[in-house]
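The numbering of the sequence shown is our numbering, which starts it at 2 and goes up by one.
Cβ atoms here follow ideal geometry from the backbone N, Cα and C, with glycine treated the same way.
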Amino acid sequence: MGTLIYFAKQLGLDVTVFLELESKGGRSNTFDRDELNRVVGGIRVVPFAIEEDIVLALKAAGIVKVIGQDMPHHFPVLCKTRTVQTYSVSVFIDTLHYAWRVREGVERKALPDKIYFPCRYIENKFFDIGSFDRAEVNYATLGSPLLDHVLFVKGEPRAKSVVFIVPPPKMISWQLRRHVKHLFRYLKRHGYTIIVKDRPKTPLLSSLKVYCDEVFSSEKLLPYASLELIYSSKYHICGYSTSIFEARFLNKPTLNLGVNLSKASMPNFVNNYDLVSLYESATCHTAGKDLINEFEALREEASNGFVENERFIRPNSQPTMTDNASIRILRDICG
């Protein structure tokens with residue numbers, strides 16, 4: 002939401018930010034309050050505990066347009082409230098998870114007034130899953146506000162550096178932990194800086210901490226923490242993470258760890274959503290062992306393969322301060 006808030010202010014829109022105090026999993030919001038004040042200074046911030054609180058606050062304030070991330074999943078009550086217009090910003094694979102849950106009967110359909118897809122790739126996958134017909138969904142594919150965060154990143158990438166976006170520990174087998182440890186030792190011997198982005202629900206394994214130079218656990222509104230760290234690094238390591246889209250946008254070679262997907266919240270989603278090409282290509286190698294050899298092979302192969310990334314990020318491949326996904330979405334909503 003950071004870039005949407007920023008550009009809404011630039012466009013002179015009257016903005017209210019609703020801030021969830023706790024996630025549905027019971028974890029406290031990890032945003033630094035000073036950071037929040039820096040980005041949303043001068044904007045009314047309304048904390049809420051449950052979704053119904055937003056409905057009451059909107060009615061009291063006379064607000065009729067609401068925008069949020071993957072609203073059918075996160076805010077189904079709002080999507081069914083006819084007194085407001087709801088606009089959902091799709092965040093890559095998270096949106097596909099929702100479509101699959103509807104297909105499997107885990108969640109009900111709760112269509113917002115409009116869905117904004119980040120790229121044609123995700124748009125097509127969403128409808129391919131089979132939960133929704135194009136005729137029943139009001140949608141547009143205008144790019145991802147997440148990628149607009151590159152406009153606020155400062156400095157240059159570090160030449161010999163790797164960023165590790167930490168997967169859930171339960172998905173990392175003991176064999177894979179051993180292989181990752183060997184890779185990190187190798188990287189340190191060859192002078193690489195190892196940067197880590199974890200979260201309270203996906204903490205860095207204690208056995209790997211000794212090899213890591215920098216660990217970031219808090220989120221940022223502007224620029225988005227993961228994108229900033231991926232931008233600042235030469236190589237990207239993850240375990241079937243949505244951060245692959247940021248890496249493809251920034252043309253960062255990715256070593257994708259072959260974690261145990263049966264332990265994921267949506268098991269086997271790579272095959273179910275037909276995402277194999279996203280995680281296995283010239284610029285993204287997937288491996289569960291021989292990580293050192295895979296890393297070296299990736300370094301040699303990736304330099305010639307970045308052209309393939311365009312199909313995963315269009316139409317927001319080159320955002321500017323006057324033409325980007327955030328501005329396009331806001332203008333579409335407000336006219």
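Residue closest to residue i, alpha-carbon to alpha-carbon, out of the options
i, options, result
"residue 20", "12, 50, 36", "50"
"residue 117", "110, 108, 147", "147"
"residue 96", "82, 130, 83", "130"
"residue 135", "119, 112, 154, 155", "112"
"residue 163", "214, 124, 128", "214"
"residue 141", "319, 315, 196", "315"
"residue 108", "74, 286, 65, 294", "74"
"residue 276", "241, 297, 328, 247", "241"
"residue 220", "197, 124, 206", "197"
"residue 290", "181, 192, 300, 268", "181"
"residue 119", "35, 170, 90", "90"
"residue 44", "71, 52, 7, 69", "7"
"residue 307", "38, 217, 249", "249"
"residue 69", "5, 137, 176", "5"
"residue 106", "126, 132, 128, 93", "132"
"residue 94", "216, 271, 57, 72", "271"
8 Å contact criterion, which residue i and residue j should meet: CB distance rounded
i, j, result
"residue 86", "residue 114", "5 Å"
"residue 3", "residue 222", "4 Å"
"residue 172", "residue 264", "5 Å"
"residue 234", "residue 159", "6 Å"
"residue 174", "residue 261", "6 Å"
"residue 205", "residue 216", "6 Å"
Residue j beta carbon less than 8 Å from that of residue i
i, j, result
"residue 232", "residue 167", "no"
"residue 324", "residue 143", "no"
"residue 67", "residue 59", "yes"
"residue 122", "residue 313", "yes"
"residue 303", "residue 317", "no"
"residue 245", "residue 280", "yes"
"residue 62", "residue 331", "no"
"residue 208", "residue 178", "yes"
"residue 212", "residue 195", "yes"
"residue 138", "residue 224", "no"
"residue 191", "residue 292", "no"
"residue 283", "residue 301", "no"
Residue i - containing alpha helix (DSSP H), residue span
i, result
"residue 242", "Element bounds for residue 242: n/a, residue is neither H nor E."
"residue 335", "326 to 335"
"residue 300", "292 to 302"
"residue 79", "77 to 80"
"residue 4", "3 to 11"
"residue 258", "Segment 255 to 258 is the beta strand (DSSP E) holding residue 258; no alpha helix (DSSP H) there."
Span of the beta strand (DSSP E) around residue i
i, result
"residue 102", "Careful: residue 102 lies outside any beta strand (DSSP E), inside the alpha helix (DSSP H) at 94 to 104."
"residue 215", "215 to 217"
"residue 69", "66 to 70"
"residue 228", "Counting along the chain, residue 228 falls outside any beta strand (DSSP E), though it belongs to the alpha helix (DSSP H) covering 226 to 232."
"residue 222", "Neither: residue 222 is in no beta strand (DSSP E) and is coded neither H nor E."
"residue 277", "No beta strand (DSSP E) holds residue 277; the alpha helix (DSSP H) holding it covers 277 to 280."
"residue 22", "Taken as a continuous stretch (DSSP letters only), residue 22 belongs to no beta strand (DSSP E), as it is neither H nor E."
"residue 45", "45 to 49"
"residue 181", "Taken as a continuous stretch (DSSP letters only), residue 181 belongs to no beta strand (DSSP E), being part of the alpha helix (DSSP H) at 175 to 190."
Check: Would you call the stretch 245 to 262 and the stretch 75 to 83 in contact, with 3 or more CB pairs under 8 Å?
Finding: no
Margin query: Using a Cβ distance threshold of 8 Å, determine whether the stretch 7 to 20 contacts the stretch 198 to 214, with at least three qualifying pairs required.
Written below: no
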